[in-house]
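Engineer: If you read the sequence shown in our numbering, its first letter stands for residue 61, the second for the next number, and so on.
Each residue gets a CB set at the ideal place from its N, CA and C atoms; glycine is no exception.
Computed from a predicted structure; not experimentally measured.
Here it is: the structure, laid out below.
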Amino acid sequence: MSEENQESPNEVMCSCSGTTRGMIQDMVRQGKDLDAISRYSGALTGCGGCEWDIGELVKTLLAESHPNPGQAE
């Protein structure tokens, strides 16, 4: 899923908690990491079926918001 951040913000990423892609994007923008997102939203605390998808989304969003420190701006 290389274009995860371009999909619908209404897509439910965690069906146990009802956490959507847009909610996760907002929490990452607020500076929350994966643990904080889980505590705040309840995602990743149920069946575990969303763990990989949410982990990859957060990793992608963090990489986009924090470019390599060695790169020129």
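By how many angstroms is the C-alpha of His126 removed from the C-alpha of Ala103?
Structural biologist: Taking the sequence shown and counting its residues from 1, the one referred to as residue 103 is at position 43. Taking the sequence shown and counting its residues from 1, the one referred to as residue 126 is at position 66. Straight-line Cα distance between these residues: approximately 23 Å.
Engineer: Ignoring anything shorter than 4 residues, give me the alpha helix (DSSP H) runs that lie fully in the segment 78–124, in order along the chain.
Structural biologist: Runs found: 81–89 and 94–101.
Engineer: Starting from Cys74, trace the beta strand (DSSP E) both ways and give me its first and last residue.
Structural biologist: Stepping through the sequence shown from its first residue, residue 74 is reached at position 14. Run containing Cys74: Val72 to Cys74, per the beta strand (DSSP E) assignment.
Engineer: Rank Ser75, Arg89 and Glu67 by C-alpha distance to the C-alpha of Leu121 and give the top, closest one.
Structural biologist: Mapped onto the sequence shown, residue 121 falls at position 61. If we check each option's Cα against that of Leu121, Arg89 comes out closest.
Engineer: Between Thr79 and the rest of its own chain, which residues show a CB-CB distance below 6 Å, the 5 nearest in sequence each way excluded?
Structural biologist: Taking the sequence shown and counting its residues from 1, the one referred to as residue 79 is at position 19. Contacts found: Met73, Ser101 and Ala103.
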